[in-house]
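Undergrad: The structure's right below; bear with me while I get my questions together.
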């Protein structure tokens with residue numbers, strides 16, 4: 039968010055889904071924000087839980103014992119999946135932001151090549167990698183459930 | 034800091050978090066496949082494994098680095114979402130102060146937790 043002329047955002051949060059055109063990038067943007075907020079709230083709780091459980095083995099096992107129920111395990115898996123998505127989509131965003139996935143300027147010779155030729159395969163690659171990580175993580179969560 | 038430096042730091046901390054949180058996730062949640070830094074029996078999150086990791090100075094340093102980078106990255110991200118809703122300038126200043134104070138407080142709490150293991 040660089041310094042720029044400010045316009046009032048009359049759509050508010052609805053602009054996440056309602057503003058501008060709809061495409062795969064809109065969906066990724068939406069999920070990136072939801073996962074970001076989710077991870078942040080988990081992280082703040084995580085700081086307190088790991089700090090106050092760190093003084094003795096008894097404290098740690100007492101606190102961690104409070105998170106044994108399946109609902110917390112599912113929540114933990116959701117945080118892991120959110121991390122996997124946010125990380126790989128974040129790599130994509132950084133590559134585009136820094137210009138690596140934009141391509142050099144060139145003469146408009148038919149058939150025209152646009153940055154979409156680079157960005158769509160990049161998006162697919164990142165989403166596949168995120169899915170692979172989520173599947174690897176789900177193996178671990180399923181193993182724990184037994 | 035001006036908005037451009039806030040944003041540049043968001044990218045820098047994002048890359049730091051990518052590496053450090055990536056390691057954290059692989060250690061904690063792929064322990065069944067990889068088994069990194071979990072020498073004791075049981076899960077990566079069991080006390081014996083947590084204790085064996087936490088008493089390494091390298092882990093303490095990276096915990097504190099990850100704590101600071103992740104707090105900055107997360108709070109700036111939430112700040113961007115809030116500022117996008119065009120809050121009045123006074124509310125913007127309030128958000129800035131609250132997030133800085135809250136972030137520093139959480140950083141102190143977490144750093145204390147990372148160091149607490151050395152008292153045992």
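Chains as they are written, first to last, in the numbering used here: chain A, 39 to 184; chain B, 34 to 153.
For glycine and all other residues, C-beta sits at the position ideal for the given N, C-alpha and C.
List the whole-angstrom C-beta distance separating residue 186 of chain A from residue 91 of chain A, where the pair is believed to meet the contact cut-off of C-beta under 8 Å.
TA: What is shown of chain A runs 39 to 184, which leaves residue 186 of chain A out entirely.
Undergrad: For the alpha helix (DSSP H) containing residue 108 of chain A, list its first residue and its last residue.
TA: 108 to 135
Undergrad: So what does DSSP say about residue 69 of chain B, is it helix, strand or coil?
TA: coil
Undergrad: Excluding sequence positions up to five away, which residues of its chain have a Cβ less than 6 Å from the Cβ of residue 76 of chain A?
TA: 120
Undergrad: Could you confirm whether any beta carbon from chain C is found closer than 7 Å to the beta carbon of residue 95 of chain A?
TA: The displayed structure is made up of protein chains A and B, and chain C is not among them.
Undergrad: Pick from B:132, B:115 and B:128: whose alpha carbon is nearest that of residue 47 of chain A?
TA: B:115
Undergrad: Excluding sequence positions up to five away, which residues of its chain have a Cβ less than 6 Å from the Cβ of residue 157 of chain A?
TA: Closer than 6 Å at Cβ, skipping near neighbours: 139.
Undergrad: Which residue comes first and which comes last in the alpha helix (DSSP H) that contains residue 147 of chain A?
TA: Premise fails: residue 147 of chain A is in no alpha helix (DSSP H) and is neither H nor E.
Undergrad: Taking the alpha-carbon positions, what's the residue 73 of chain B to residue 82 of chain B distance?
TA: Between residue 73 of chain B and residue 82 of chain B, the C-alpha separation is close to 6 Å.
Undergrad: Just tell me which of A:178, A:125, A:117 and A:181 has its CA closest to the CA of residue 67 of chain A.
TA: Ranking A:178, A:125, A:117 and A:181 by Cα distance to residue 67 of chain A puts A:125 first.
Undergrad: Three or more C-beta pairs closer than 8 Å, one from the segment 127 to 142 of chain B and one from the segment 48 to 68 of chain A: is that the case here?
TA: The segment 127 to 142 of chain B vs the segment 48 to 68 of chain A: no contact.
Undergrad: Going along chain B, which residues have a C-beta under 7 Å from residue 102 of chain A?
TA: Neighbours of residue 102 of chain A on chain B, chain order: 78.
Undergrad: Can you check which of these residues, A:127, A:135 and A:111, is closest to residue 177 of chain A by C-alpha distance?
TA: A:111
Undergrad: What is the C-beta distance between residue 86 of chain A and residue 142 of chain B, in whole angstroms, given that I count them as a contact (C-beta under 8 Å)?
TA: 7 Å
Undergrad: So, does the CB of residue 132 of chain A fall closer than 7 Å to a CB anywhere in chain B?
TA: yes
Undergrad: Using a Cβ-Cβ cut-off of 7 Å, state whether residue 58 of chain B counts as contacting chain A.
TA: For residue 58 of chain B, a Cβ of chain A is located within less than 7 Å of the residue's own Cβ.
Undergrad: Report the CB separation of residue 144 of chain B from residue 104 of chain B in whole angstroms; it is logged as a contact under 8 Å.
TA: So it is not a contact: roughly 11 Å between Cβ atoms.
Undergrad: Is the beta carbon of residue 54 of chain B within less than 6 Å of some heavy atom of the ligand SAH?
TA: The ligand SAH is not part of this structure, which contains no ligands at all.
Undergrad: Count Cβ pairs between the segment 128 to 137 of chain A and the segment 40 to 54 of chain B that sit closer than 8 Å; are there 3 or more?
TA: yes
Undergrad: Name, please, each residue of chain B whose Cβ falls closer than 8 Å to the Cβ of residue 46 of chain A.
TA: 119
Undergrad: So the candidates are A:94, A:151, A:118 and A:59; which of them puts its Cα closest to the Cα of residue 171 of chain A?
TA: Per the Cα distances, A:118.
Undergrad: Could you check whether the Cβ of residue 90 of chain B sits closer than 7 Å to any Cβ belonging to chain A?
TA: By this cut-off, residue 90 of chain B is not an interface position.
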